[in-house]
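Taking it in order: structure first as structure tokens, then the write-up.
What follows is the structure in structure tokens.
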């Protein structure tokens, strides 16, 4: 159990993540909002308690886009700098569904890693703070917006780190929709075969995807049993409960890749979003009144200023 | 200019009304590819796969072997990059009539390198049995279904969605293996495809006022590439041929034309406007077209270089282009 003070800090950060994403969505008349509702506690727990990341000196201002990787582009950079310097004992973070980029940017701000003003560059031409982030975007270091490729790449990184004798872990954030993809299961089979217990996978099981309720688009349950039969060490937790989220990460590795299935609510903290069911994937306002209602909610819940 | 919204959604429902053997397949992008109305109208003919393109493609092959016509809908990039071997062996090898609708080609999505199909024509063109079609306006989108359905084999369609301008008269449908003649002249031949045709039309209008005589053809069938009007136009010009495409210059329209010119022994020069062997990044379509040099001004600069004239045509001299808002009722999300 965490100290009450620490829990409050994590809850506060989660609240801040929802607030920043909600603010953006109101301002821009739409966006990936339900992802913030479901995963805010997961990201605040990962960044503030679970992962052992290097510190950043002061919140980093995102750099403008400087070209894609190539032999003639020495200026190329990735967004890994926001997760602190790389070192053998430090952990690494891999975001698999880049549709969560805005939530990650908000989490980086809430945890003092990205300058708040950086979010103003979100989805602007020539910026790296992209709507669907790439490896140059804050907090990211691989290409993962084509769903299902993040886990295999993370497994490769974890395997390489073990070969090099590094002690740091590799944490992966995934969405439940990715468990419809064959490659995800190929990755799981490989991770358990090679006993990659230096990895931890946090899955946002919010039960919804672009087309609607996952159980009606293509069922993936029982996910815990499926993963267990693939050799993973699986825990089912309430994804909004900080203690439950953190507990599995503190266990001694036992040879199996760790998977924490975080059952979440796509309108957690912004209950009026419930009306959008089952279309939570991308919230867009059809009338000004909808926007006004969320705007009023934002003011009532979070006050006027940061 | 007339701008039409969610054309494919309504058109497909109408078109498929008396075709019970047409099935629509979706990989978790149902409203994003404008097939939500089809799903609601003919639920028995709609198959949901979730995020699982490889399985969807081979499954489509199975359906087609039993006499159905699978109309696969997803983003262009997810068709060929995620399921290439499945397309090759389950669909293209047995020459099955699977219609693959690839949405958001090239710069038409701000989703970044993971979402931008910049080499789809190049990749799919090298598969035997494939036919490749590309839409450039509302009339193309309305009439591409008949063209695709006339093919006894697999078809890949580079599709448009959301707000689309009407460049060609409603009464003049897309015709399989035929280009559209938009201008006739003998100084330069311009071949454009997809969204680049609108840009080329803007540039050609301004160039003609400067006295340049231009043949402009809009290409909608990229494979097979044997329209006699196009093949003749490759040599019938004084200065050379310009291709313009929303695709890498490697393997797309520019390469196709280069192959034809070499085979025909055409001695004219070829200038390829397109994405110059690089990945893109996430930004608006207008920005990307400028940044990667596939807009009207680049075509004008190219003609200036070829003819060695300076026309002093500015942005203001060009007809305004319709810029669709990032968020609108015409599409499911900001992609």
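Chains as they are written, first to last, in my numbering: chain H, 58 to 363; chain W, -10 to 324. Even glycine gets a Cβ: it sits at the ideal position worked out from N, Cα and C.
- Contacts between residue 204 (chain H) and chain W, judged by CB atoms closer than 7 angstroms, involve 40 in chain order.
- Here the C-alpha atom of residue 28 (chain W) lies approximately 19 angstroms from the C-alpha atom of residue 318 (chain W).
- Unbroken alpha helix (DSSP H) runs of no fewer than 4 residues, entirely contained in the segment 28 to 82 of chain W, are found at 42 to 54, 65 to 69, following chain order.
- The residue from W:311, W:297, W:320, W:44 with its alpha-carbon nearest to that of residue 126 (chain W) is W:311.
- Cβ-Cβ distances below 6 angstroms link residue 164 (chain H) to 74, 100, 104 in the same chain, with the five nearest sequence neighbours on each side left out; the list follows chain order.
- Note on geometry: alpha-carbon atoms of residue 97 (chain H) and residue 70 (chain H) lie some 8 angstroms from one another.
- If you check each beta-carbon in the segment 224 to 254 of chain H against every beta-carbon of chain W, the ones closer than 8 angstroms belong to 234, 235, 237, 238, 239.
- Using a 10 angstroms sphere on the CB of residue 183 (chain H), the tally of other CB atoms stays under 16, which defines it as exposed.
- In this structure residue 308 (chain W) is in contact with residue 194 (chain W), their Cβ atoms being roughly 6 angstroms apart against a cut-off of 8 angstroms.
- With contact defined as three or more Cβ pairs closer than 8 angstroms, the segment 298 to 305 of chain H and the segment 265 to 280 of chain H are not in contact.
- For residue 49 (chain W), not one C-beta of chain H is nearer than 8 angstroms to its own C-beta.
- Nearest to residue 109 (chain W) by C-alpha distance, out of W:247, W:44, W:94, is W:94.
- Non-local beta-carbon contacts of residue 226 (chain W) in its own chain, meaning distances under 7 angstroms to residues more than five positions away in sequence, involve 175, 176, 177, 178, 204, 257 in chain order.
- The beta carbons of residue 342 (chain H) and residue 86 (chain H) sit closer together than 8 angstroms.
- Counting along the chain, residue 201 (chain H) sits inside no beta strand (DSSP E), nor does DSSP assign it H or E at all.
- At a cut-off of 8 angstroms between beta-carbon atoms, residue 101 (chain W) makes contact with chain H.
- Taking a cut-off of 8 angstroms on C-beta distances, the segment 178 to 189 of chain W does not touch the segment 11 to 19 of chain W, as fewer than three cross pairs fall below it.
- With a contact defined as Cβ atoms closer than 8 angstroms, residue 47 (chain W) and residue 75 (chain W) qualify at about 5 angstroms.
- When only Cα atoms are considered, residue 84 (chain W) and residue 119 (chain W) end up about 8 angstroms apart.
- Taking a contact to require three or more Cβ pairs closer than 8 angstroms, the segment 153 to 173 of chain H and the segment 241 to 258 of chain W do not qualify as touching.
- In the structure shown, the three-state DSSP call for residue 276 (chain W) is helix.
- Counting only the Cα atoms, residue 11 (chain W) lies some 27 angstroms from residue 208 (chain W).
- Counting only residues of its own chain and dropping the five nearest sequence neighbours on each side, residue 273 (chain H) has a CB closer than 8 angstroms to the CB of 335.
- Note that the segment 350 to 359 of chain H does not touch the segment 51 to 58 of chain W; fewer than 3 beta-carbon pairs, one per stretch, sit closer than 8 angstroms.
- Within chain W, the C-beta atoms nearer than 8 angstroms to that of residue 274 (chain H) come from 17, 37, 39, in chain order.
- Look at residue 89 (chain H) here: in three-state DSSP terms it is coil, with no helix or strand label.
- Per DSSP, the unbroken alpha helix (DSSP H) holding residue 245 (chain W) starts and ends at 242 to 253.
- Its chain contains 53, 58 as the residues whose beta carbon lies nearer than 6 angstroms to that of residue 86 (chain W), once the 5 sequence neighbours on both sides are disregarded; these appear in chain order.
- Residue-level contact by beta carbon holds for residue 87 (chain H) and chain W, with a gap shorter than 8 angstroms.
- According to DSSP, residue 295 (chain H) shares a beta bridge with H:320.
- Under a 10 Å Cβ-count criterion, residue -8 (chain W) is classified as exposed, with fewer than 16 other Cβ atoms of the shown protein chains found around its own Cβ.
- Each residue's CA atom was taken as its position, placing residue 216 (chain H) and residue 246 (chain H) some 14 angstroms apart.
- According to the DSSP assignment, residue 103 (chain W) belongs to no beta strand (DSSP E), since it is labelled neither H nor E.
- At a cut-off of 3 residues, the continuous stretches assigned as beta strand (DSSP E) that sit fully inside the segment 172 to 217 of chain W are 177 to 182, 203 to 208, 210 to 212.
- The alpha carbon of residue 256 (chain H) has as its nearest neighbour, out of H:325, H:320, H:213, the alpha carbon of H:213.
- Under the DSSP definition of a beta bridge, residue 258 (chain H) partners with H:229, H:316.
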